[in-house]
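For the sequence shown, position 170 matches number 170 in UniProt numbering, and the numbering has no gaps at all.
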Amino acid sequence: MKFSFIIPVLNEEKYIAKCIYSIKKQFGEDFEIIVVDNGSKDKTVEIVNKMGVSLVYERKKGISNARNTGAKKAKGELLCFMDADGILSNNWLVEVRKTINKSNVLNLVGLNIFTNKNIIKKIYYNIFTLFAYLLLILNKIIFGKVFLPGNNLVIRRSIFLKLGGFEPYVAEDLFLSRKFWMLKNEKAIFNHKMVIYYSSRGFDTAGYIRTILYWILASVHRIPGDNYSYKSKNIR
């Protein structure tokens with residue numbers, strides 16, 4: 001079994017090296033790293049080229065397009081989606097293998113934790129994370145369905161391609177989840193030990209309340225995803 005890590009990038013010179021290093025530190029050699037550049041104009045491509053990972057290009061703007069291109073290029077049976085500002089916990093891939101071996105389920109979801117040097121902001125931002133995951137747990141208990149977040153997800157490549165990948169809209173992971181839930185013979189498992197630490201840049205850039213309102217709006221009204229959502233939250 002081989003894993004393919006897929007990381008979409010757009011001007012990520014500040015984060016991408018640490019992200020890739022966190023993957024390379026994972027136990028085992030049964031994985032590849034694919035970085036999909038979506039039109040970076042900073043030093044992102046230069047940095048990636050020095051790190052010995054696969055670099056592909058997607059000219060059509062949008063994080064969904066970049067992720068889908070990475071999935072098509074992937075050689076692994078299992079796709080691992082994360083964002084460029086994420087840092088894997090040291091045992092992330094170990095937890096993935098353990099969960100698969102124990103459950104024989106190949107679609108997994110992990111836990112995201114926001115980081116910030118300001119302890120007040122760190123607590124404040126992670127209140128949203130706690131609330132979101134409580135909703136996910138309730139959704140699993142009541143409806144038997146697990147939400148598939150696009151930035152901490154392991155999914156069978158064959159299933160992902162069968163579903164048509166991510167749709168070109170904001171909240172692309174919600175639309176993928178809805179399609180996945182229609183499959184009768186597939187299920188996903190949430191493992192809270194599959195932790196990815198993310199920067200709080202989305203909240204810092206657009207504001208906490210504005211970000212949440214943007215995600216809520218995107219879940220009920222399809223917003224074209226031709227830009228990376230944290231950089232353009234048009235809520236007034």
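Don't be surprised by glycine CBs; every beta carbon is placed ideally from N, CA and C.
Proximity of ALA66 and VAL36 at Cβ, strictly below 9 Å: As a first step, residue 66 must be located in the sequence shown, where it is residue number 66. As a first step, residue 36 must be located in the sequence shown, where it is residue number 36. A contact, by the Cβ cut-off of 9 Å.
Give the single residue among SER54, GLY52, GLY70 whose Cα lies nearest to the Cα of LEU60. As a position in the sequence shown, residue 60 is number 60, starting the count at 1. A small correction: the amino acid at residue 60 is Lys; Leu does not occupy that position in the sequence shown. LYS60 has its Cα closest to that of GLY70, out of SER54, GLY52, GLY70.
Compute every distance between the C-beta of GLY164 and the non-hydrogen atoms of the ligand PLP, then say whether any falls below 8 Å. As far as ligands go, the structure on display features none, and thus does not contain the ligand PLP.
Please give the ranges of any alpha helix (DSSP H) in the UniProt domain "Glycosyltransferase 2-like" (4-162), keeping only runs that are unbroken, at least 4 residues long and fully inside the region. Positions of the alpha helix (DSSP H) runs, each at least 4 residues long and wholly inside the UniProt domain "Glycosyltransferase 2-like" (4-162), are given as 16-24, 44-49, 63-73, 92-103, 119-143, 157-162 in order along the chain.
Does the distance from the C-beta atom of VAL170 to that of VAL109 stay below 9 Å? The residue you call residue 170 lines up with position 170 of the sequence shown. The residue you call residue 109 lines up with position 109 of the sequence shown. Contact: no.
Pull up the DSSP beta-bridge partners for PHE190, would you. On the sequence shown, position 190 is the one that residue 190 refers to. According to DSSP, PHE190 bridges with VAL109.
What is the rounded straight-line gap between the Cα of ASN152 and the Cα of ARG97? Here the question's residue 152 lines up with position 152 in the sequence shown. Here the question's residue 97 lines up with position 97 in the sequence shown. Their Cα atoms are separated by approximately 15 Å.
With DSSP as the reference, label SER177 as helix, strand or coil. Counting from one through the sequence shown, the residue named residue 177 turns up at place 177. For SER177, the secondary structure class from DSSP, reduced to helix, strand or coil, is helix.
Could you check if ASN112 is buried or exposed, using at least 16 other CB atoms within 10 Å of its CB as the buried criterion? Here residue 112 refers to the residue found at position 112 when the sequence shown is read from its first residue. Residue burial annotation: ASN112 is buried, with at least 16 other C-beta atoms found within 10 angstroms of its C-beta.
Taking 9 Å as the cut-off, decide whether the C-beta atoms of PRO8 and ALA74 are in contact. Along the sequence shown, one-based indexing puts residue 8 at 8. Along the sequence shown, one-based indexing puts residue 74 at 74. In this structure, ALA74 does not lie closer than 9 Å to PRO8 by Cβ.
Name the DSSP bridge partner or partners of VAL170? Working through the sequence shown from its first residue, we reach residue 170 at position 170. Its beta-bridge partners do not exist; DSSP assigns none.
From GLU186 to PHE180, what does the alpha carbon distance come to, in whole angstroms? Reading the sequence shown from its first residue, position 186 is the one you call residue 186. Reading the sequence shown from its first residue, position 180 is the one you call residue 180. Each residue's alpha carbon lies about 8 Å from the other.
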